[in-house]
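Take a look at the structure below.
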Amino acid sequence: MNPWLEIELTDYESHMALSSIAQAQFLSGVFAQAVQIYSPKSVAILGCSGGNGLDAISNSGVERIVCVDINSEYIATAKKRFSGSFNQCEFLCCDILSSSFSFNPVDLIFAGLIFEYVDYNSALANISKVIKPSGHLIVVLQLPSEEIPEISPSKYTSLNKLSRIFNFVPPLSLQEAAKNYGLEIIENKRTTLKSGKSFQEMVFLKTA
Ligand SMILES: C[S@@+](CC[C@H](N)C(=O)[O-])C[C@H]1O[C@@H](n2cnc3c(N)ncnc32)[C@H](O)[C@@H]1O
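Residue numbers (our numbering): 3 to 210.
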């Protein structure tokens with residue numbers, strides 16, 4: 003069983019929002035900034051959990067949102083929280099690797115900390131089909147650290163199950179793979195949070 007199906011949303015959200023971890027705030031900020039820069043009319047969040055970041059873009063001119071997550075309870079909560087905040091909303095419970103992963107293409111896709119849990123080549127093949135030409139894919143990858151384990155320790159120990167499927171994705175490997183799907187890197191930035199954890203933020207342009 004995928005460990006993401008065994009973790010309560012409250013545990014996940016509480017863990018990510020801890021001031022010592024602060025990854026919820028970081029991801030929401032990266033997403034909101036991308037929406038501000040690229041002014042998409044339609045966006046998709048892959049691995050949306052409870053909809054982190056959607057409150058920050060509700061008045062940004064985005065008309066259509068597509069939220070995707072493998073966990074039906076996460077999706078149900080995101081729907082409850084945000085279905086009234088945008089003109090058009092789609093909440094899809096599905097695996098981004100599956101053949102049923104499909105929706106009408108969008109202007110911008112946000113994939114923050116999801117490639118670590120999937121085969122990134124197969125995911126890119128699927129994702130590239132749902133980005134409009136000249137659209138953008140925003141990716142956040144976690145970078146390895148010698149001091150901090152991949153799953154930050156906290157009192158929410160249910161998250162430790164994620165270590166079973168977590169794999170670091172080298173940013174250069176993702177960049178190379180993305181080229182095969184018409185995704186050209188246009189922004190590449192490393193950020194280190196107060197916790198000491200570092201992340202690579204990457205923006206890809208859909209050229210073909
Ligand atoms: C680390 S969280 C992503 C961060 C989240 N966007 C946030 O801002 O908190 C990973 C999310 O991806 C979802 N997920 C993991 N594997 C998935 C898959 N194969 N297909 C769809 N969603 C997946 C998990 O259920 C979880 O909600």
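Think of the CB as a built atom: it goes at the ideal place given N, C-alpha and C, for glycine as much as any other residue.
Among Ala24, Leu115, Ala78 and Leu207, whose alpha-carbon lies nearest the alpha-carbon of glutamate 189? Counting from one through the sequence shown, the residue named residue 189 turns up at place 187. Nearest C-alpha to glutamate 189: Leu207.
Going by DSSP, what residue range makes up the alpha helix (DSSP H) through leucine 7? The residue labelled residue 7 in the question sits at position 5 within the sequence shown. No alpha helix (DSSP H) holds leucine 7; DSSP gives it neither H nor E.
Since valine 45 sits in a beta bridge, which residues does DSSP pair it with? As a first step, residue 45 must be located in the sequence shown, where it is residue number 43. As a beta-bridge residue in DSSP terms, valine 45 pairs with Ile67 and Leu110.
State the Cα-Cα distance for the pair leucine 94 and aspartate 71, rounded to the nearest angstrom. Here the question's residue 94 lines up with position 92 in the sequence shown. Here the question's residue 71 lines up with position 69 in the sequence shown. Counting only the Cα atoms, aspartate 71 lies some 7 Å from leucine 94.
Beta carbon of isoleucine 59, beta carbon of isoleucine 98: below 8 Å? Walking along the sequence shown from the start, residue 59 turns up at place 57. Walking along the sequence shown from the start, residue 98 turns up at place 96. No. Outside cutoff.
Rounded to whole angstroms, what is the Cα-Cα separation between glutamate 118 and valine 32? By one-based count along the sequence shown, residue 118 stands at place 116. By one-based count along the sequence shown, residue 32 stands at place 30. Distance between the alpha carbons of glutamate 118 and valine 32 is about 18 Å.
Residues surrounding ligand 1 [beta-carbon distance to nearest heavy atom under 5 Å]: Selection output, chain order preserved: Trp6, Leu29, Gly49, Ser51, Asn54, Asp71, Ile72, Asn73, Asp97, Ile98, Gly114, Leu115, Ile116, Tyr119 and Val120.
CB contact check: leucine 115 to chain D, cutoff 8 Å: Among the chains of the structure shown, chain D does not appear; only one protein chain is present.
Determine the DSSP secondary structure at serine 136, reduced to helix, strand or coil. Residue numbering aside, residue 136 sits at position 134 when the sequence shown is read from its first letter. Reduced to three states, the DSSP call for serine 136 is strand.
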